[in-house]
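Chains as they are written, first to last, in the working numbering: chain A, 1 to 76; chain B, 1001 to 1323.
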Amino acid sequence: MTIKIYTTPTCVYCKMAKEFFAKNNVQYEEVNVAVDATAREEMIQKSGQLGVPVIDINGTITVGFDQVKLSELLKV
Amino acid sequence: MLYDVIIVGGGPAATAAAVYTARKQLKTLVITESFGGQSIVSDDIQNWIGEQHISGFDLAKKFEEHVRSFGDIVEIKSPEKAIKISAIKCERAGFSCDFEVETELGNRYEGKSIIMTAGARRRKLGIPGEEAFNGKGVAYCSTCDAPLFSGKVVAVVGGGNAGLEAIIDLLPYATKTYLLIRGDSLKGDESTQNEIKKNPKVEIIFNAITDEIKGISMVTGLLYHDAVTNEKKELAIGGIFVEIGSVPNSEIVKDLVKIDAFGQIVVDKFSATSYSGIFAAGDITDDPFKQNNISAGDGVKAALSAYGYLLQLKKRSPATEKQ
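Here's what the structure looks like:
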């Protein structure tokens, strides 16, 4: 399972999502779209959204931090 | 299971109430979508008493840890959202009732008393385009999303502290920011006002009534009119942050308790509502100051009042039967 999370450093919902991953021993890749313009474009392309966090779990995109939905997708 | 008290919410009022009901050994249930309250998105809270600087995220964690430390007496349902509260099993009509809290997950919980601390949510503009472009240039969390508006022209609506802080968050990224204010003056703190007024990238527009957000796949413009001259205007923008205050989350008890014109639950100095057995504290109430510290204090008051109410219930039941 590949997981990529697009974040900004001051986004509290990004922190919540990362903590949720850590608590459930989920490995993920993080990209900071505040500094990485290419990643920012990629995120907007994938999600059609201008808002973080965007989480890509095996190609399934979720916008924002929704613990219930993430639990379902990750089966944790 | 019949709880002594069910606390709805997870902000400072709810946390303080839970700590006090736990110490009174009341069997407590806390139902909340999350802990922390509205200031969870704040990067740096500087007025939480005892902490010179703390992030909303860290404060939220402390709240949750404190409530969870009473595991023997306080049960927590989170994330779970309460959607309806009803009075049940009343001894007489509207008198000495138990309460049932129904949640989005379809669960029903019963309690002898309720403490409503569900806070408030963001107020929206309610204009065409706002929903359609939500997340596509319309944003509500400047600390989260300001960096995404790098190189864009952005509008902020609202001249209170939240609006001013959104401008500060945007300054390093946006090429230009418009600050739109309904009235003819700024309301936020003087120190932040001064910082904004001297920045050449900020243009403040007074008497601005927003009419419509325009866009294609993302936001491209904002239509507004001048409240004094009625002149219609359009701004070319790539984003808009809405910071126009909050709406109390009081809908789930509106049929039981007295609510004022702003949707706030009316409480007395004991944090009691108009319905016997339902107490309320924090931003959901008509308390004039929406502050973390005040919400915490009022949460304590609600807990102590609920405790007093439960003691009274015990005393009253046998007497009532003799009548």
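Note that CB positions come from ideal geometry on N, CA and C, so glycine has one too.
TODO: Taking only beta-carbon positions, decide if B:D1043 is within less than 8 Å of chain A.
DONE: yes
- [ ] Using a Cβ-Cβ cut-off of 8 Å, state whether B:L1148 counts as contacting chain A.
- [x] Yes, its Cβ sits closer than 8 Å to a Cβ of chain A.
Task: CB contact below 8 Å: A:K75 versus chain B - done: no
- [ ] Tell me whether A:M16 sits in a helix, a strand or coil according to DSSP, three-state version.
- [x] helix
Task: For B:F1270, three-class secondary structure by DSSP - done: Judged by DSSP in its simplified three-state form, B:F1270 adopts coil rather than helix or strand.
TODO: Give the range of the beta strand (DSSP E) segment to which B:F1262 is assigned.
DONE: Careful: B:F1262 lies outside any beta strand (DSSP E) and carries neither H nor E.
- [ ] State yes or no: is the C-beta of A:A39 within less than 8 Å of the C-beta of A:V31?
- [x] yes
Task: Residue interval of the beta strand (DSSP E) (run including B:K1232) - done: 1232-1236
TODO: Decide if B:F945 is buried, meaning its Cβ has at least 16 other Cβ atoms within 10 Å, or exposed.
DONE: Lying outside 1001 to 1323, the shown extent of chain B, residue 945 of chain B is not represented and no answer is given.
- [ ] Kindly indicate if chain B contains any beta-carbon less than 8 Å away from that of A:K69.
- [x] Judged by the 8 Å Cβ criterion, A:K69 is not in contact with chain B.
Task: Of the residues B:L1059, B:Y1173, B:I1168, B:T1177, the one placed nearest B:G1325, counting alpha carbons only - done: With chain B running from 1001 to 1323 in the structure shown, residue 1325 of chain B is simply not present.
Task: B:N1107, buried or exposed, once every other Cβ within 10 Å from all chains shown has been counted against 16 - done: exposed
Open item on the list: Give me the chain A residues within the contact set of B:F1057, using Cβ-Cβ distance strictly less than 8 Å, ordered along the chain.
Closed with: V12, K15, M16
Open item on the list: For the alpha helix (DSSP H) containing B:H1053, name the first residue and the last one.
Closed with: Unbroken run through B:H1053: none, as it is neither H nor E.
- [ ] Give the range of the beta strand (DSSP E) segment to which B:R1108 is assigned.
- [x] 1108-1116
TODO: Measure from the alpha carbon of B:F1149 to the alpha carbon of each residue in A:K4, A:T8, A:I3, A:M1, then state which is nearest.
DONE: Of the listed residues, the one whose Cα sits closest to B:F1149 is A:T8.
TODO: Verify the CB distance criterion: does B:T1177 have a CB-CB separation below 8 Å to chain A?
DONE: no
TODO: State the DSSP-derived secondary structure class of B:V1282, mapped to helix, strand or coil.
DONE: Reading off the sequence shown, one finds Gly at residue 1282 of chain B, where the question assumed Val. Residue state, collapsed to three classes: helix.
TODO: Return the bridge partner residues of B:T1103 from the DSSP annotation.
DONE: B:A1082
Task: Three-state class that DSSP yields for B:K1062 in the structure shown - done: helix
Task: Test: B:C1144 CB closer than 8 Å to a CB of chain A - done: yes
Task: Rounded straight-line distance, which links the Cα of B:S1246 to that of B:L1026 - done: 32 Å
Task: Interface residues of chain A facing B:P1079 [CB-CB closer than 7 Å] - done: Q67, V68
Task: Reduced DSSP secondary structure (H/G/I, E/B, other) of B:E1075 - done: strand
TODO: Compute the beta-carbon to beta-carbon distance between B:V1156 and B:E1243, rounded to the nearest angstrom, for a pair I have assumed lies under 8 Å.
DONE: 6 Å
Open item on the list: Quick check: what's the CA-CA separation for B:I1015 versus A:I55?
Closed with: Sequence check: residue 1015 of chain B is Thr here, not Ile. Roughly 30 Å separates the two Cα atoms.
Task: B:E1190 to B:K1198 span [Cα, whole Å] - done: 12 Å
Open item on the list: Please list, in chain order, the chain B residues whose beta carbon lies closer than 9 Å to that of A:V26.
Closed with: Result: empty, since nearest Cβ-Cβ is about 18 Å, beyond 9 Å.
Open item on the list: Given a cut-off of 8 Å on the beta-carbon distance, is the pair B:V1219 and B:F1133 in contact?
Closed with: Their beta carbons are under 8 Å apart, which means B:V1219 touches B:F1133 by this criterion.
Task: Cβ contact check for the stretch 49-64 of chain A and the stretch 1028-1035 of chain B: 3 or more pairs under 8 Å - done: no
TODO: At 7 Å on the CB atoms, spell out the chain A contacts of B:M1218, in chain order.
DONE: Contact annotation for B:M1218 against chain A: L50 [CB-CB distance below 7 Å, chain order].
Task: Any chain B beta carbon closer than 8 Å to A:A22 - done: With 8 Å as the cut-off, A:A22 does not count as an interface residue toward chain B.
- [ ] Go through its chain and collect everything with a Cβ distance to B:T1210's Cβ below 8 Å, but skip five positions before and after it.
- [x] Hits under 8 Å: L1125, I1127, V1157, L1180, L1222, L1223, Y1224.
- [ ] Let me know if B:Q1038 comes out buried or exposed under the rule of 16 or more other beta-carbons within 10 Å of its beta-carbon.
- [x] buried
TODO: Please go through the same chain and pick out, in chain order, the residues whose beta-carbon is closer than 7 Å to the beta-carbon of B:C1097, but skip the five residues on each side of it.
DONE: A1087, I1088, K1089, C1090, G1277
Task: chain A residues whose Cβ lies nearer than 8 Å to that of B:A1139 - done: L50, G51
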